[in-house]
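**Q**
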Amino acid sequence: MFLSRTLLKRHSVLPGFDLALGFTLLYLGFIVLIPLAAAFLKTFTMTWPAFWAAVTSPRVVASYRLTFGASLAAALLNALFGLVVAWVLVRYEFPFKRLVDALVDLPFALPTAVAGIALTALYAANGWIGQGLALAGIKVSYTPLGVFVALTFIGLPFVVRTVQPVLEDLQKELEEAAATLGATRAQTFTRVILPVLTPALLTGFALAFARALGEYGSVIFIAGNMPMVSEITPLLIITKLEQYDYAGATAIAVVMLVAAFALLLAINLLQAWTRKRQGR
Amino acid sequence: MSATTTTTLLVAAPAARRPIAPRTALAATAEPAWVRRALIGLALAFLAFFLFVPLAAVFFEAFKKGWGVYLAAIVEPDAVSAIALTLIAAAISVPLNLVFGLAAAWCIAKFDFRGKNLLLTLIDLPFSVSPVIAGLIYVLIFGLQGWFGESLRDHDLKVVFAVPGIVLATVFVTFPFIARELIPLMQAQGQEQEEAARVLGASGWQMFWRVTLPNVKWALLYGVILCNARAMGEFGAVSVVSGHIRGQTNTMPLHIEILYNEYQFAAAFAVASLLALLALVTLALKYAVEQRVKRQRRSASGSTPGREA
Numbered sequence: 123m124f125l126s127r128t129l130l131k132r133h134s135v136l137p138g139f140d141l142a143l144g145f146t147l148l149y150l151g152f153i154v155l156i157p158l159a160a161a162f163l164k165t166f167t168m169t170w171p172a173f174w175a176a177v178t179s180p181r182v183v184a185s186y187r188l189t190f191g192a193s194l195a196a197a198l199l200n201a202l203f204g205l206v207v208a209w210v211l212v213r214y215e216f217p218f219k220r221l222v223d224a225l226v227d228l229p230f231a232l233p234t235a236v237a238g239i240a241l242t243a244l245y246a247a248n249g250w251i252g253q254g255l256a257l258a259g260i261k262v263s264y265t266p267l268g269v270f271v272a273l274t275f276i277g278l279p280f281v282v283r284t285v286q287p288v289l290e291d292l293q294k295e296l297e298e299a300a301a302t303l304g305a306t307r308a309q310t311f312t313r314v315i316l317p318v319l320t321p322a323l324l325t326g327f328a329l330a331f332a333r334a335l336g337e338y339g340s341v342i343f344i345a346g347n348m349p350m351v352s353e354i355t356p357l358l359i360i361t362k363l364e365q366y367d368y369a370g371a372t373a374i375a376v377v378m379l380v381a382a383f384a385l386l387l388a389i390n391l392l393q394a395w396t397r398k399r400q401g402r
Numbered sequence: 343m344s345a346t347t348t349t350t351l352l353v354a355a356p357a358a359r360r361p362i363a364p365r366t367a368l369a370a371t372a373e374p375a376w377v378r379r380a381l382i383g384l385a386l387a388f389l390a391f392f393l394f395v396p397l398a399a400v401f402f403e404a405f406k407k408g409w410g411v412y413l414a415a416i417v418e419p420d421a422v423s424a425i426a427l428t429l430i431a432a433a434i435s436v437p438l439n440l441v442f443g444l445a446a447a448w449c450i451a452k453f454d455f456r457g458k459n460l461l462l463t464l465i466d467l468p469f470s471v472s473p474v475i476a477g478l479i480y481v482l483i484f485g486l487q488g489w490f491g492e493s494l495r496d497h498d499l500k501v502v503f504a505v506p507g508i509v510l511a512t513v514f515v516t517f518p519f520i521a522r523e524l525i526p527l528m529q530a531q532g533q534e535q536e537e538a539a540r541v542l543g544a545s546g547w548q549m550f551w552r553v554t555l556p557n558v559k560w561a562l563l564y565g566v567i568l569c570n571a572r573a574m575g576e577f578g579a580v581s582v583v584s585g586h587i588r589g590q591t592n593t594m595p596l597h598i599e600i601l602y603n604e605y606q607f608a609a610a611f612a613v614a615s616l617l618a619l620l621a622l623v624t625l626a627l628k629y630a631v632e633q634r635v636k637r638q639r640r641s642a643s644g645s646t647p648g649r650e651a
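Those sequence lines, one after another, are chains A and B.
So the first sequence is residues 123 to 402, counted in the numbering used here.
So the second sequence is residues 343 to 651, counted in the numbering used here.
(1) Less than 9 Å between the C-beta atoms of B:Phe392 and A:Phe145, yes or no?
(2) Secondary structure at B:Phe455, three-state DSSP: helix, strand or coil?
(3) Can you tell me whether A:Leu130 is helix, strand or coil according to DSSP?
(4) Count the other CB atoms, across all protein chains shown, that sit within 10 Å of the CB of B:Ser344; report buried if there are 16 or more and exposed otherwise.
(5) Do we get a CB-CB distance below 9 Å when we pair B:Gln533 with the residues of chain A?
(6) Hey, does B:Pro506 have any beta-carbon neighbour from chain D nearer than 9 Å?
(7) In three-state DSSP terms, what is B:His497?
(8) Answer with yes or no whether the minimum CB distance from A:Arg181 to chain B is below 9 Å.
(9) With H, G and I counted as helix, E and B as strand and the rest as coil, what does DSSP make of A:Met348?
(10) At least one CB of chain B closer than 9 Å to the CB of A:Lys398: is that the case?
(11) With 9 Å set as the bound, which would you pick, yes or no: does the beta-carbon of A:Asn390 sit closer than that to a beta-carbon of chain B?
(12) Does any residue of chain B bring its CB to less than 9 Å from the CB of A:Met378?
(13) Any C-beta of chain B sitting closer than 9 Å to the C-beta of A:Glu298?
(14) So, do the segment 178 to 194 of chain A and the segment 246 to 259 of chain A have three or more beta carbon pairs nearer to each other than 8 Å?
(15) Excluding five sequence neighbours on each side, which residues of the same chain lie with their C-beta closer than 6 Å to the C-beta of A:Arg399?
(16) Could you tell me the boundaries of the alpha helix (DSSP H) in which B:Met653 lies?
(17) Note the first and the last residue of the continuous alpha helix (DSSP H) segment covering B:Arg588.
(18) Using beta carbons (cut-off 9 Å, strictly below), is B:Thr350 in contact with chain A?
(19) Distance cutoff 9 Å, beta carbons only. Does A:Gly346 sit that close to anything in chain B?
(20) Does the contact criterion of 3 or more C-beta pairs under 8 Å hold for the segment 540 to 548 of chain B versus the segment 579 to 596 of chain B?
(21) Can you name the start and end residues of the alpha helix (DSSP H) that A:Lys398 belongs to?
(22) Looking at the structure shown, is A:Trp209 part of a helix, part of a strand, or coil, going by DSSP?
(23) Please say whether A:Gly268 and A:Leu241 have beta carbons closer to each other than 9 Å?
(24) Just how far apart, CA to CA, sit B:Arg637 and B:Ala561?
(25) When Cβ atoms are compared, which residues of the segment 250 to 275 of chain A fall closer than 9 Å to chain B?
(26) Exposed or buried, what is B:Arg359 when buried is set at 16 or more other beta-carbons lying within 10 Å of its beta-carbon?
(27) Just the C-alpha distance for B:Ala380 and A:Lys261, rounded to the nearest angstrom, thanks.
(28) Looking at the unbroken alpha helix (DSSP H) that takes in A:Gly336, where does it start and where does it end?
(29) Between the segment 473 to 488 of chain B and chain A, which residues of the former have CB atoms less than 9 Å from a CB of the latter, in chain order?
(30) Between B:Ala608 and B:Thr428, what straight-line distance do the alpha-carbon atoms span, to the nearest angstrom?
(31) Could you tell me how far apart the beta carbons of A:Val236 and B:Val400 are, in whole angstroms, since I believe they sit closer than 8 Å?
(32) Closer than 7 Å by beta-carbon distance: list the chain A residues that pair up with B:Lys452, in chain order.
(33) So, B:Phe490 versus B:Ser584, is the Cβ gap smaller than 9 Å?
(34) Can you tell me the Cα-Cα spacing of B:Leu625 and A:Ile239, whole angstroms?
(35) Between B:Ala385 and the ligand NAD, is there a pair consisting of the residue's CB and a ligand heavy atom that are separated by less than 8 Å?
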């Protein structure tokens with residue numbers, strides 16, 4: 123009764139508000155909020171210099187550079203090709219289109235460890251794709267480039283799935299109007315279509331970037347995990363844990379959490395913008 | 343919104359009446375055939391390199407050494423116990439998140455209360471937390487050095503490096519899946535039907551079982567499918583809390599990692615192929631249910647316009 127009296131904005135004849143909200147808050151608190159708070163509280167047991175030293179040691183900084191750099195590059199590639207894939211799926215007809223459409227979600231459904239070993243086998247110097255690249259002198263598996271490949275895989279569906287519905291809702295009349303007013307197809311695309319797609323494109327990009335930042339399973343197989351070169355930040359957290367350096371591991375985790383929460387805020391704002399653009 | 347539509351229609355209308363050949367009219371809002379083909383080729387090439395070929399490679403590598411090796415890798419005792427643990431973890435975490443999803447969706451979609459947007463954001467939080475950190479936070483609480491570490495040890499209970507830890511980590515990473523599918527649909531459906539049921543004398547549970555649940559069953563199933571796929575495939579979070587004890591705390595993804603690191607590639611890919619198969623089944627079910635949900639959501643938002651948040 124307490125919850126409904128203090129929180130409800132208007133009376134409702136429907137039952138179950140107290141029970142449902144009470145359970146929701148309890149479950150959220152025990153599973154998510156209290157454990158997350160534990161991470162922040164743990165860092166308070168460290169002195170500020172110790173915290174600073176833990177999160178800015180050269181090996182950690184090198185891992186940030188790789189994690190953020192590879193995530194950014196992978197999200198950019200996904201933004202570009204995700205737009206092409208979404209466009210092709212919405213606008214054109216080709217054989218097996220529905221199958222291709224369904225398979226775009228594969229990175230959501232395929233366990234990351236499976237993706238990791240499959241990509242490693244493919245892009246290794248003796249793998250199907252790696253062989254061809256090796257001829258060109260490009261090494262992918264066990265290098266930072268491998269991290270980029272794995273992060274591209276796991277971020278792939280985000281841009282496609284955020285751009286696709288906007289493209290489907292796009293009014294054909296706008297393009298017809300642009301054409302009758304004398305715009306070329308390229309002008310119509312850059313001045314009429316692309317501005318409408320921009321918020322969705324940015325949202326998809328940010329979602330792919332956020333997912334890539336925390337990714338672990340698919341990366342560790344293909345990366346080679348050399349300190350200072352191809353070691354991602356989540357792996358460094360695990361390494362510290364295995365050395366029983368709980369405080370050190372948590373300090374790095376808190377840095378990653380703050381980055382993740384900042385991105386979440388940005389994504390929420392972008393989504394609000396997308397909805398406004400769509401006039402909903 | 344309506345103003346722009348009218349203007350575009352006004353602009354477009356004379357053009358439509360002008361006597362031009364249909365082919366030119368078509369060309370004005372479509373790309374030349376070579377552009378079309380190039381884009382389709384580009385999209386398919388990208389998907390091939392990053393999706394199709396890796397998927398094919400899993401099955402190819404699994405059967406490379408023949409059926410005998412494949413079957414042996416799957417029926418081996420460590421593999422069987424890994425499969426069992428994966429099923430147990432999913433069987434506990436999916437129902438838990440299902441109950442949570444229904445409760446959260448009920449209060450968020452059907453009531454207007456203070457702090458609703460904050461609650462929505464908090465529910466999404468686990469999606470933006472790295473799986474490794476999801477595992478770490480439970481180690482901080484239940485590990486030997488953690489908050490409850492000593493009292494758990496005194497009572498001879500184990501959470502971390504045992505099954506409860508694996509279940510907790512799995513619950514965390516799959517936390518928002520079902521709630522996220524239910525909330526938009528239940529918001530779109532509004533509360534008229536439930537209110538009618540109440541006015542006609544239905545009890546709270548009668549209303550829930552006969553009105554609410556049938557209305558959202560497809561979205562619920564969709565959420566369960568996604569939640570289950572993630573629960574069975576989770577690697578990072580489970581890896582941190584499991585301790586990798588063979589035959590005891592190894593799930594399928596962890597078993598794959600161990601086999602792979604021991605250079606037993608055919609066996610690793612054999613177990614991986616089971617999870618890949620699960621992923622394909624998930625996608626097929628997802629696609630089938632998606633079509634129904636789309637139809638349902640469209641009819642729901644059609645009957646009560648402006649409800650979609």
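Each residue gets a CB set at the ideal place from its N, CA and C atoms; glycine is no exception.
Predicted, not measured: the structure shown is a model, and the values here were computed from it.
**A** Based on what the coordinates show:
(1) The answer is no: Cβ separation not under 9 Å.
(2) Strand at B:Phe455.
(3) strand
(4) Confidence at B:Ser344 is low in this model, with a pLDDT of 42, below 50, so the placement of that residue is unreliable and no value is reported for it.
(5) Interface criterion met: the Cβ of B:Gln533 is under 9 Å from a Cβ in chain A.
(6) Structure shown: chain D not included; protein chains present are A and B.
(7) coil
(8) When Cβ-Cβ separations below 9 Å define contact, A:Arg181 makes no contact with chain B.
(9) coil
(10) Taking Cβ atoms only, chain B never reaches closer than 9 Å to A:Lys398, which makes this a no.
(11) yes
(12) yes
(13) With its beta carbon less than 9 Å from one in chain B, A:Glu298 belongs to the interface.
(14) no
(15) Pro321
(16) Any question about residue 653 of chain B goes unanswered here, given that chain B covers just 343 to 651.
(17) Looking at the DSSP string, B:Arg588 is not in any alpha helix (DSSP H), and its letter there is neither H nor E.
(18) Below a pLDDT of 50, predicted positions are generally treated as unreliable, and B:Thr350, at 42, falls in that range; the measurement from the model is reported next regardless. With 9 Å as the cut-off, B:Thr350 counts as an interface residue toward chain A.
(19) no
(20) no
(21) 368 to 399
(22) helix
(23) yes
(24) 11 Å
(25) Trp250, Ile251, Val271, Thr274, Phe275
(26) For B:Arg359, the predicted model reports a pLDDT of 48, less than 50, meaning its position is unreliable; a value from the coordinates is still stated below. Classification for B:Arg359: exposed.
(27) Using only the alpha carbons, I get a separation of about 28 Å.
(28) Residues 316 to 336.
(29) Pro473, Val474, Ile475, Ala476, Gly477, Leu478, Ile479, Tyr480, Val481, Leu482, Ile483, Gly485, Gln487, Gly488
(30) Whole-angstrom Cα-Cα distance: 21 Å.
(31) 6 Å
(32) Simply Leu136.
(33) no
(34) About 21 Å.
(35) Absent from the structure shown: the ligand NAD. Ligands present: none.
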